[in-house]
Structure formats: structure tokens, C-alpha cells
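Asker:
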Amino acid sequence: MGILDDIFPPKATWTAEDIPDCSGKVFLVTGGNSGIGLETTKQLLRKGGKVYLAARSKAKADEAITELERETGKRAIFHELDLGNFFLPQSCVAVTLYEACDEQGKNLAAVKRSALEFASKESRLDVLINNAGVMVPPVELVTSDGYDLQFGTNVIGHFVFTKHLLPTILSTAESNPSSRPRVITVSSMGHRIHPSIEYDTLRDCDKRRTMNIWHLYGQSKFGNILVANELARRYGDQIVSISLHPGGVKTNLSRHRGGGLMAKITRFFFADPSLGAVTQLYAATAPEAAEMNGKYLIPWARVGEPNPAAAKCV
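Here the working numbering = 1-based position in the sequence shown + 25.
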């Protein structure tokens, strides 16, 4: 398996129709208001799950929730989350990615508050799907405290959110030992573009601004896999942590790429969100995926291999 297998997957043998009954389970989907996040939320609702739709904009989330209720007869629950607002001190970008992100736990910011708010409403969380993300925005765009927008949103924001949800996730594991909770992290085959972390480009600086925007994207998607793998290593006896490439999908994630050739490629060769959501739905619900801790999945719902550099501890 390699990059061609990522780009040209065989026909799916597992579909949303194979999702087991989700009654009694609590799901949280970041970026659940559009694209494959919206499709994921829809299918989980359809199968009886209680689904929190985490998004920054309540107005856009409400539109999605209304659409979902019209299609499924069930209502998702809005949960406010701004992944670009985490207040990470510059001094914490230190020895390893995990340690750098872990320093964030000392600071009260919007992402941490969002996780604590969820914990105040729910005593359990069966599946967290870290789905939200940004792709190749203008390089001038940064997070609220000056971090690269792609790395800040895709990696650090999700790390902080997951870290502060861990007590709820682990307590769910203790109360349901026969069904380990899952943390699903949406990465991308784009991690192969830049399979390393250049720590001096995480915060805005001249070096970051001269770095190819696709390399910054690849760095963020590589970071997703590293954090997912470390989560699997540290907590694999209690939870299941899986990262994945969802496939080439027609979503608004690519809105910054504009028109032209890329738009034509997307329109003719990329899959609809209904198919693009299959791999993360498989990771989140399939009984056999409970044995895939630390694995990297590729479309459609298959175990793949990331860049070998992703195997290192973080």
C-alpha cells in the first residue's frame, strides 16, 4: 500500500448501512456542520446516537441541525468550539510535540472551556471524532495568538480539546469495560508532503511565511497522526485511538484553493461527502475497529500505512 492506494481506492465493501445500532452512545463531532462532518453526524443520528455537533458558528450549526432533523427526524446538539483559540505560550514549543501541546493544560482558554462545558453536561463520551480542519488558507492567516492557522487549528486545538475531554472519556471506559471509547482523528494523505515537524514554523515568523503553504498543511496532517499515535500508546489499554485519511472529498475544506484546474479535478475525481465519511464512520462504529488502536485507515474503511516517520514517539 502507498500513495496510489490512497488516491485510487477500490470500491467500498463497508458502507453507512453497516453502522451498528448506536442507541445509548454519546458522540461528539468537531466540524459537524459541513462536509464529511455533516454526513458523519447524519449517519450517527440515523443509527440512534446522541450527537453533539461542535462548531464555531452557532448560526451555521443551527442551519445544519435543522437540515439534519429534516432528513433524519432526530436533532443534533450544538456545542460551541473555536479550535483556533487556545492560548499556547511561546515558551511551550519545546522538546516534543506532545509535551509542547501538553503545556496548554495550564491555561484557561476557549478550547479548554469548551471541553469543560461538555463535561458539565455529559458524564460519558463514547466517541470523539476530531474532524474539523482548514486546508491551505492564505499564509497571513494565523490563530488568535499568532500560531500557523493550519497547525493551530488542525493539531494544537484538537489536542487541547481532547486532553480536557480525557477525564470524561476515561471515566466512560471504566464504566463500560466491554466497549472502549474511541478517539478518531482525521488526518490526510497530505501528511506525506511534509512528514516532519519544524517547530520554529509553528508560530508566525518569516520562515513560516516563506514556507510552501502545502508543506504547512502536510506538517499539520503529520502532526495529527503523531498525536493520535501517542494517544494510542499512552491510553491504549482504556481507549481506541485511530487516525485516518478520508479520501479526496468534495467539501468546503478546499474553499481557499479557488477555481481553475484544481476545481475541475475536485469536481470530476473527488468523492461526495456521503462516501467520504465512510472511513471515519467505520473507525467510530465498526466492532472490528475496536481492535485497531494506533492504526491509520485509508479509503474506504481499510487499514493503511502512513509515512514511516509517523511511527516515532512524540
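Backbone N, C-alpha and C define an ideal beta-carbon position, used for all residues, glycine too.
Just the Cα atoms here: how many angstroms apart are Ile90 and Ala257?
Answerer: If I take the Cα positions, the gap works out to 32 Å.
Asker: Taking 8 Å as the threshold, find out whether the stretch 303-310 comes into contact with the stretch 52-69 through three or more Cβ pairs.
Answerer: A contact exists between the stretch 303-310 and the stretch 52-69.
Asker: What is the residue span of the alpha helix (DSSP H) that Lys94 lies within?
Answerer: The residue asked about is misnamed: residue 94 is Glu in this sequence, not Lys. Here the alpha helix (DSSP H) through Glu94 covers 83-97.
Asker: Can you look up Ala140 in the DSSP assignment and give me helix, strand or coil?
Answerer: Ala140: helix per DSSP, three-state reduction.
Asker: Can you tell which of Val265, Leu108, Glu96 has its C-alpha closest to the C-alpha of Arg81?
Answerer: Per the Cα distances, Leu108.
Asker: Going by DSSP, what residue range makes up the alpha helix (DSSP H) through Tyr172?
Answerer: Tyr172 -> no alpha helix (DSSP H), and no H or E assigned at all.
Asker: First and last residue of the alpha helix (DSSP H) that includes Ser266?
Answerer: Segment 265-269 is the beta strand (DSSP E) holding Ser266; no alpha helix (DSSP H) there.
Asker: Which residue from Lys72, Arg234, Gly215, Ala134 puts its Cα closest to that of Pro163?
Answerer: Checked all of Lys72, Arg234, Gly215, Ala134; the closest Cα to Pro163 is Arg234.
Asker: Do you know how far the Cα of Ala315 is from the Cα of Val265?
Answerer: Rounded to whole angstroms, Val265 to Ala315 spans 6 Å at the Cα level.
Asker: Residues in the same chain with beta-carbon distance under 6 Å from Phe247, minus the five sequence neighbours each way, listed in chain order, please.
Answerer: Excluding sequence neighbours, Phe247 sits near His216, Pro220.
Asker: List, from N- to C-terminal side, the alpha helix (DSSP H) runs of 4 residues or more that fit wholly inside the stretch 297-328.
Answerer: DSSP runs (the alpha helix (DSSP H)) wholly in the stretch 297-328: 298-301, 303-310.
Asker: With 16 as the cutoff for other CB atoms within 10 Å, does Asn237 come out buried or exposed?
Answerer: Under this definition Asn237 is an exposed residue.
Asker: Between which two residues does the alpha helix (DSSP H) containing Phe103 stretch?
Answerer: Looking at the DSSP string, Phe103 is not in any alpha helix (DSSP H); the run it does join, the beta strand (DSSP E), is 102-105.
Asker: According to DSSP, is Ile156 part of a helix, a strand, or is it coil?
Answerer: Checking the sequence, you will find Asn at residue 156 rather than Ile. Correct three-state label for Asn156: coil.
Asker: Looking at the unbroken beta strand (DSSP E) that takes in Lys75, where does it start and where does it end?
Answerer: Segment 75-80, the beta strand (DSSP E) holding Lys75.
Asker: Does DSSP put Arg217 in a helix, in a strand, or in coil?
Answerer: Arg217 falls in the helix class under three-state DSSP.
Asker: Would Pro206 and Val152 qualify as a contact pair, given that the criterion is a beta-carbon distance under 9 Å?
Answerer: Going by C-beta atoms, Pro206 is nearer than 9 Å to Val152.
Asker: List the residues that DSSP assigns as beta-bridge partners of Leu53.
Answerer: BP columns for Leu53 point to Tyr77, Leu153.
Asker: Using alpha carbons as the reference points, say which of Lys72, Phe111, Phe186, Lys85 lies closest to Lys99.
Answerer: It is Lys72.
Asker: Taking Ser268 as the reference, which of Asp231, Met214, Trp239 has the closest Cα?
Answerer: Comparing Cα-Cα distances from Ser268 to each of Asp231, Met214, Trp239, the minimum goes to Met214.
Asker: With 16 as the cutoff for other CB atoms within 10 Å, does Cys47 come out buried or exposed?
Answerer: Counting Cβ neighbours within 10 Å, Cys47 comes out buried, since at least 16 surround it.
Asker: Could you give the distance in angstroms between the alpha-carbon of Leu133 and the alpha-carbon of Leu78?
Answerer: Its pLDDT being 45, under 50, Leu133 is placed unreliably by the model, and nothing is read from it.
Asker: Whose C-beta lies closer than 7 Å to the C-beta of Gly74 among residues of the same chain, with five residues either side of it excluded?
Answerer: For Gly74, where only same-chain residues beyond five positions count, the Cβ hits under 7 Å are Cys47, Lys50, Phe52.
Asker: Given a cut-off of 9 Å, decide if Thr168 and Phe111 are closer than it, judged by their beta-carbon atoms.
Answerer: Against a cut-off of 9 Å, the Cβ pair of Thr168 and Phe111 comes out as a contact.
Asker: For Ser148, count the other beta carbons within 10 Å of its own beta carbon; 16 or more makes it buried, fewer makes it exposed. Which is it?
Answerer: The residue in question, Ser148, is exposed, as its Cβ has fewer than 16 Cβ neighbours within 10 Å.
Asker: Among the residues of its own chain, which have a CB less than 8 Å from the CB of Trp39, if the five just before and after it don't count?
Answerer: Same-chain partners within the cutoff: Val303, Tyr307, Ala311, Trp325, Ala326.
Asker: Give the secondary structure of Ala134 by DSSP, where H, G and I count as helix, E and B as strand, and everything else as coil.
Answerer: Coil at Ala134, not helix or strand.
Asker: Within 10 Å of its beta-carbon, does Gly171 have 16 or more other beta-carbons around it, so buried, or fewer, so exposed?
Answerer: Answer is exposed; the Cβ neighbour count stays below 16.
Asker: Taking the beta strand (DSSP E) that Arg207 falls in, what are its first and last residues?
Answerer: Its beta strand (DSSP E) spans residues 207-211.
Asker: Do you know how far the Cα of Ala157 is from the Cα of Gly197?
Answerer: It should be noted that the sequence gives Thr, not Gly, for residue 197. Looking at the two C-alpha atoms, the distance is approximately 23 Å.
Asker: Between Ile154 and Ile209, which are expected to be in contact by the criterion C-beta below 8 Å, what is the C-beta distance as a whole number of angstroms?
Answerer: Confirmed, Cβ separation roughly 5 Å.
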